[in-house]
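Peer 1:
Next up, the structure:
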C-alpha cells in the first residue's frame, strides 16, 4: 500500500477527460456530460488556457431549461484546493476527504495539467493490489442501512436529498424493500431533466417520478463479496456506487459501497 500511496498523481490520471471553456453554452456542457459520463468538467479560458474553475453534474442540473443560452462562466465555481503534479496519491486522497471533493484539477502556474478523479485511485488499487482487495470483505467497508427511495417518489424530493446529503445516487426498492434499480444524477441528466423541480428540456413541466428516470438494470454485491469483486464494475463500467443486498432471493438493501470507500484503504497505512 505504501508504494501505491507514494506514487505521483501525474502518472495515474486519465488524460483523455473532457474540458470546457468559459464561453461554452450550458447546453454544450450538458451534452459533454451525457456523451462522456464526466462527473466534472474543468473550465479554461479559450485564449490563454488559464484554469478558471469547475462545473459538475449538480451545477448542470440546477440550471433552468429556460436559460440554455447561458454560458459556462455564469455558473463556474472556484475551488478551495488545486493540486500540483508532484503530489503523492495518498496526500491527494487526504485532500479529497478533507474537502469532500472526488475530482480535483492539477494546475501549474494557472495552466491546466489534468484532472485527478477518485476513480483513478481505485483503478490503481484494482490493477496493483488485486490480492489485497480479494482478502477484504465489503461488509467491513460499506455504509450500512443506506437511504433508499421508492419508484413513486417525486424526483424533486430525491434531488433535495442529493443536495442536502451531497449524495450522487440512491438505491430504488419496491414495497417489499427489494432492490429494483438505482437513481443517480447522471440518470437525470441523461433523461434531460433540469432544475430542482425538474422541468423537461422540451419545456413541459410535469411531476416526474423516480421510475421515469431510474436505471432498472443494477449491479449489486453481497456483504461477503470481496472489494476486488465490487471494484470490477466500478472500473469496467465507471459506476460510482454499488448497492449491497442481503441475499439473492430477498435482495434487501443492507449497505452501499462507493469509490471513496475503496480508496480509503490506502489510509490504513499497511
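Residue numbers (the working numbering): 37 to 306. Just so you know, even glycine gets a beta-carbon here, dropped at the ideal spot from N, CA and C. All figures in this text were calculated on a predicted structure; none of them were measured in a lab.
Output the distance between the C-alpha atoms of residue 148 and residue 286, rounded to the nearest integer angstrom.
Peer 2: Translated into positions along the chain shown, residue 148 becomes position 112. Translated into positions along the chain shown, residue 286 becomes position 250. In a straight line, the C-alpha of residue 148 is about 48 Å away from that of residue 286.
Peer 1: With a threshold of 16 other CB atoms inside 10 Å of the CB of residue 117, please say whether the residue is buried or exposed.
Peer 2: Here residue 117 refers to the residue found at position 81 when the chain shown is read from its first residue. When all chains shown are included, residue 117 counts as exposed.
Peer 1: Once the 5 residues before and after residue 68 are set aside, which same chain residues still bring their CB inside 8 Å of it?
Peer 2: Locating residue 68 in the chain shown gives position 32, where the first residue counts as 1. Correct list, in chain order: 54, 56, 74 and 77.
Peer 1: On a Cα-Cα basis, can you pick out the residue from 186, 129, 94 and 169 that is closest to residue 113?
Peer 2: Position 77 of the chain shown, counting from 1, holds the residue named residue 113. Among 186, 129, 94 and 169, the Cα nearest to that of residue 113 belongs to 94.
Peer 1: Alpha carbon to alpha carbon, how far is residue 187 from residue 252? Give it in angstroms, no decimals.
Peer 2: On the chain shown, position 216 is the one that residue 252 refers to. On the chain shown, position 151 is the one that residue 187 refers to. When rounded, the distance between both Cα atoms is 10 Å.
Peer 1: Determine contact between the stretch 256 to 267 and the stretch 152 to 162, defined as no fewer than three beta-carbon pairs at a distance below 8 Å.
Peer 2: The stretch 256 to 267, when compared against the stretch 152 to 162, does touch it at the 8 Å Cβ threshold.
Peer 1: Just curious, the beta strand (DSSP E) that residue 135 is in, first and last residue?
Peer 2: Residue mapping note: residue 135 aligns to position 99 of the chain shown, counting from 1. Taken as a continuous stretch (DSSP letters only), residue 135 belongs to no beta strand (DSSP E), being part of the alpha helix (DSSP H) at 125 to 135.
Peer 1: Rounded to the nearest angstrom, what separates residue 241 and residue 127 at their Cα positions?
Peer 2: On the chain shown, residue 241 is found 205 positions in, with the first residue counted as 1. On the chain shown, residue 127 is found 91 positions in, with the first residue counted as 1. Reliability fails at residue 241, whose pLDDT of 48 lies under 50, so the model's placement of it is uncertain and the value that follows must be treated cautiously. About 46 Å.
Peer 1: Just curious, the beta strand (DSSP E) that residue 165 is in, first and last residue?
Peer 2: Here residue 165 refers to the residue found at position 129 of the chain shown. Here residue 165 belongs to no beta strand (DSSP E), and DSSP marks it neither H nor E.
Peer 1: When you compare each of 250, 215, 209 and 210 to residue 224 by their alpha carbons, which one comes out closest?
Peer 2: Taking the first residue of the chain shown as 1, we reach residue 224 at position 188. That would be 250, whose Cα lies nearest to the Cα of residue 224.
Peer 1: Measure the Cβ-Cβ separation of residue 291 and residue 280 and say whether it is below 8 Å.
Peer 2: Taking the chain shown and counting its residues from 1, one reaches residue 291 at position 255. Taking the chain shown and counting its residues from 1, one reaches residue 280 at position 244. Result yes, Cβ atoms of residue 291 and residue 280 sit closer than 8 Å.
Peer 1: Any heavy atom of the ligand HEM inside 7 Å of the beta-carbon of residue 298?
Peer 2: Looking for the ligand HEM in the displayed structure turns up nothing, as the structure carries no ligands at all.
Peer 1: Check this for me: beta carbons of residue 299 and residue 142, under 8 Å apart or not?
Peer 2: As a position in the chain shown, residue 299 is number 263, starting the count at 1. As a position in the chain shown, residue 142 is number 106, starting the count at 1. Contact: no.
Peer 1: To the nearest angstrom, report how far apart residue 62 and residue 229 are at their CA atoms.
Peer 2: Numbered from its first residue, the chain shown carries residue 62 at position 26. Numbered from its first residue, the chain shown carries residue 229 at position 193. Rounded to whole angstroms, residue 62 to residue 229 spans 13 Å at the Cα level.
Peer 1: Compare the Cα-Cα distances from residue 222 to each of 110, 167, 72 and 146 and report the closest residue.
Peer 2: Reading the chain shown from its first residue, position 186 is the one you call residue 222. Closest option to residue 222, Cα to Cα, is 72.
Peer 1: From the DSSP output, read off the bridge partner residues of residue 76.
Peer 2: Mapped onto the chain shown, residue 76 falls at position 40. Residue 76 is bridged to 92.
Peer 1: Report the rounded CA-to-CA distance for residue 124 versus residue 154, giving the unit in angstroms.
Peer 2: As a working mapping, residue 124 is identified with position 88 in the chain shown. As a working mapping, residue 154 is identified with position 118 in the chain shown. Answer to the nearest angstrom: the Cα atoms are 13 Å apart.
Peer 1: Which word fits residue 304, buried or exposed, when buried means at least 16 other C-beta atoms lie within 10 angstroms of its C-beta?
Peer 2: If you number the chain shown from 1, residue 304 lands on position 268. Residue 304 is exposed by the Cβ-count criterion.
Peer 1: State buried or exposed for residue 183, treating a residue as buried only when at least 16 other CB atoms are found within 10 Å of its CB.
Peer 2: Against the chain shown, residue 183 aligns to sequence position 147. Under this definition residue 183 is an exposed residue.
Peer 1: For a minimum of 3 consecutive residues, which ranges assigned as the beta strand (DSSP E) are wholly contained in the stretch 145 to 227?
Peer 2: Those beta strand (DSSP E) runs which fall completely within the stretch 145 to 227 and span 3+ residues are 147 to 153, 205 to 209 and 215 to 220.
Peer 1: Determine the extent of the beta strand (DSSP E) in which residue 291 is found, giving its start and end residues.
Peer 2: Numbered from 1 along the chain shown, position 255 holds the residue referred to as residue 291. Start and end: 289 to 294.
Peer 1: Using a threshold of 8 Å, state whether the C-beta atoms of residue 289 and residue 207 are closer than that.
Peer 2: For the purposes of this step, residue 289 is taken as residue 253 along the chain shown, with counting starting at 1. For the purposes of this step, residue 207 is taken as residue 171 along the chain shown, with counting starting at 1. Their beta carbons are under 8 Å apart, which means residue 289 touches residue 207 by this criterion.
Peer 1: Buried or exposed: where does residue 174 fall if 16 or more other Cβ atoms within 10 Å of its Cβ makes it buried?
Peer 2: On the chain shown, position 138 is the one that residue 174 refers to. By the 10 Å Cβ count, residue 174 comes out buried.
Peer 1: What residues match up with residue 116 in a beta bridge as DSSP calls it?
Peer 2: For the purposes of this step, residue 116 is taken as the residue at position 80 of the chain shown. The partner list for residue 116 (beta bridge, DSSP) is empty, contrary to what the question assumes.
Peer 1: Can you tell me which of the three DSSP states residue 278 falls into?
Peer 2: By 1-based counting over the chain shown, the position of residue 278 is 242. Three-state result, residue 278: strand.
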